[in-house]
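Below is one structure, written out as C-alpha cells, with a few remarks after it.
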Amino acid sequence: MSTVRFLTGITTSGTPHLGNYVGSIRPAVRASKTPGVESFYFLADYHALIKIDEPARIQRSTLEIAASWLAAGLDPAQVTFYRQSDIPEIPELCWFLTCVTGKGVLNRAHAYKASVDKNTAAGVDADADVTAGLFMYPVLMGADILMFNAHKVPVGRDQIQHIEMARDMAASFNHRYGEHFVPPEAEIEASVATLPGLDGRKMSKSYDNTIPLFSSREQLKKLIAGIKTDSRAPGEPKDTEGSALFQIYQAFASEEETATLRQAYADGIAWGDAKALLLDRIDQEIAPMRSAYEDYMAHPEKVEALLLAGAAKARAIATPFMSQLRAAVGLRPLSTTVQAGAAKADKVALASFKQYREKDGLFYFKLAAADGSLLLQSKALESGRAAGQAIALLQRDGAAALAALSDVLEPVDTGATQAAAAALTALAAAAAQAAQEKAARG
Ligand code: TRP
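Position 420 of the sequence shown, counted from 1, bears residue number 725 in the numbering used here, the numbering being contiguous throughout.
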C-alpha cells in the first residue's frame, strides 16, 4: 500500500489562463504520470456557487476547465477526473463534518475573516453580504478531501489553512467515531513561481491581466504586444529582473533558451523582437493542444461522458465509504440490531462469513446476518485461497474494503450495501474489542 493519493479541486468560476497552466495544470498532468501516484482531480462547481450566481457562466467555465485539462494531456483512464456535483456523497459528508467542526474555527478562516475585517473597517455590520456558503467553504473543501482519504493536496499558499482545517475535521471525527479518515497534507510546489500578468502583477482574473490559455495565435500575439515593458530603445541593454516578459518566457523555455534570452537582453534586444520570441515559444507548447481543446469545446457531450465515467469511478469509492460513515455515526438501518462499541452484549447479533464450494467446482463466500439474511454474495472465484483473502480483507478493513472488492462481489442495492457496511463495521469493532480484552488478560 505504498501509493500516494493526490487530490485537488479547481473552482469552476473562470477561463483557464497561462498562470493556471504553469502553476497548476501542467505540474498536475506531469505528476499524474508518476508511478506510485494515484490522482483525483475534480471540478469544484459547488464551490463556484459561493462566488458566482450566473448559471451560464458556471456551465461555461466547467466545460472550459475540463476541456483545458483534457487537452493538456490529463488521461481520464489514468486518473479519477470528475465533477464535484456528480458525487452526492460529498454534500452528505459535508454535513457530517459540519457537526464536528467548531464554529469558532470557521470564524478564523482567512477568507471569512477578510470579509468581516472589510465590513468592520467600513463601519457596517460585520457579516454584511457574507453568505453562510462563504462561511462553510472550508467544510465543503474538507469533505472533498476526506471523502477520498487523500494523502496530499497540491494547493497554493493561500489554501494551506484549509488543509489544516481538514486535518482537524478528520481528527475530531476519528476521535468520536473511530479511525475513518487519513489526515491530509498540503503539497506546495516550491519550484512553481507565480506567473506575472500583462501589467507585471500576478496573473489573475481579479486583476484582469490574464492571457487565456487557449487564445488563437492572433489573439496571443495581440495580448503579448500589450505586456508592460520599460521605454528602453533597441540596442540599449535591458533588465531581466522585474521583466514580466522574461519571467513568462522562462516558464515555458528550457534553461538554455532562457540563458540565450538573458544574453539577448544584455545585448539590447528590441522589445518587439523579444515579444516575437515569447509568442513563438508559448505557441510551440500550446499549439499542439489547441485542436484537442477546440474539439472538446465543439463537442461538450464528449466531455460530459468522460466526467460521468469519472464520477462512476469516484462513487465506487464514495458510496461504500459513505455507508461505512453513516453506520459509524448511528444512521443505520433499524433492521440491523448490532451496536458497535457494545460488541459483547450483541455477540449473538453479529453477521458471519461463510465460505463454500458449488457443484460447478468454483469457490464462493457470503456474508449473512445473524437472522440468516444475505448481506454480501461473492461471484465465482478460482480458488478457496482467493475467497479467503477477500474475507480477510473485509475483516481487516471493514466496509472500506468494499470498493476494492467490487469486482469480486455481486452488485447489491444501496440499502443492502448500507446494511453490509454496518455489519462489517460491527464485526471489526467486535474483533477490536476481543483483541483488547485478550491483551488486557495478558
Ligand atoms: N479552494 C480551492 C481553490 O480555490 C478549490 C478546491 C475546492 C480544492 N475543493 C478542494 C482544492 C479540495 C483542493 C482540494 O483553489
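Built from N, CA and C at the ideal position, the CB exists for glycine as well. This one's a predicted model, so the numbers in the text were calculated from it and none came from an experiment.
How many Å lie between residue i and residue j at the Cα?
i, j, result
"glycine 409", "phenylalanine 440", "11 Å"
"alanine 592", "aspartate 585", "10 Å"
"serine 711", "alanine 695", "11 Å"
"aspartate 544", "phenylalanine 551", "9 Å"
"alanine 648", "leucine 680", "In this predicted model, alanine 648 has a pLDDT of only 42, less than 50, meaning its place in the structure is not dependable; the value taken from the coordinates is given anyway. Whole-angstrom Cα-Cα distance: 19 Å."
"glutamate 606", "arginine 413", "42 Å"
"arginine 310", "glycine 341", "9 Å"
"alanine 623", "isoleucine 392", "8 Å"
"glutamine 555", "threonine 563", "6 Å"
"proline 332", "alanine 739", "48 Å"
"glutamine 589", "threonine 385", "29 Å"
"methionine 452", "lysine 659", "31 Å"
"aspartate 504", "proline 321", "18 Å"
"serine 640", "alanine 433", "48 Å"
"alanine 431", "leucine 411", "15 Å"
So, is residue i buried or exposed, given that buried needs 16 or more other C-beta atoms within 10 angstroms?
i, result
"proline 459", "buried"
"aspartate 449", "buried"
"lysine 580", "buried"
"serine 520", "buried"
Does residue i come out as helix, strand or coil in the three-state DSSP assignment?
i, result
"isoleucine 574", "coil"
"lysine 338", "coil"
"aspartate 585", "helix"
"glutamine 660", "strand"
"isoleucine 315", "strand"
"proline 542", "coil"
"serine 307", "coil"
"proline 593", "helix"
"alanine 734", "helix"
"proline 396", "helix"
"phenylalanine 453", "coil"
"serine 477", "helix"
"serine 683", "strand"
"valine 349", "According to the sequence provided, residue 349 is alanine. The question's valine does not apply to it. Of the three classes helix, strand and coil, the one that applies to alanine 349 here is strand, per DSSP."
"leucine 636", "coil"
"threonine 641", "coil"
Ordered along the chain, which non-local residues of its own chain (more than five positions away) have a Cβ less than 8 Å from that of residue i?
i, result
"glutamine 723", "Ser628, Arg631, Ala632, Arg637 and Pro638"
"lysine 356", "Thr316 and Ser318"
"glutamine 383", "Ser337, Lys338 and Ser344"
"alanine 416", "Leu439 and Tyr442"
"lysine 652", "Reliability of the predicted coordinates at lysine 652 is poor, the pLDDT of 46 falling under 50, and the value obtained from them is presented with this limitation in mind. Closer than 8 Å at Cβ, skipping near neighbours: Ala735."
"threonine 436", "Ile355"
"alanine 558", "Leu566 and Arg586"
In its own chain, which residues sit with a C-beta less than 7 Å from the C-beta of residue i, not counting the 5 before and 5 after it?
i, result
"alanine 705", "Phe626 and Gln629"
Near residue i, which residues of its chain fall below 6 Å by C-beta distance, leaving aside the five closest residues on each side in sequence?
i, result
"glutamine 682", "Lys671 and Glu715"
"glycine 378", "Val334"
*State whether the stretch 684-702 contacts the stretch 668-676, with contact taken as three or more CB pairs (one from each stretch) at a distance under 8 Å.*
yes
*Any chance the stretch 569-576 sits against the stretch 533-543, with 3 or more Cβ pairs inside 8 Å?*
Contact holds: three or more Cβ-Cβ distances are below 8 Å.
_If contact is defined by three or more beta carbon pairs under 8 Å, each pair taking one atom from either stretch, is the stretch 367-386 in contact with the stretch 594-604?_
Yes: at least three Cβ pairs fall under 8 Å.
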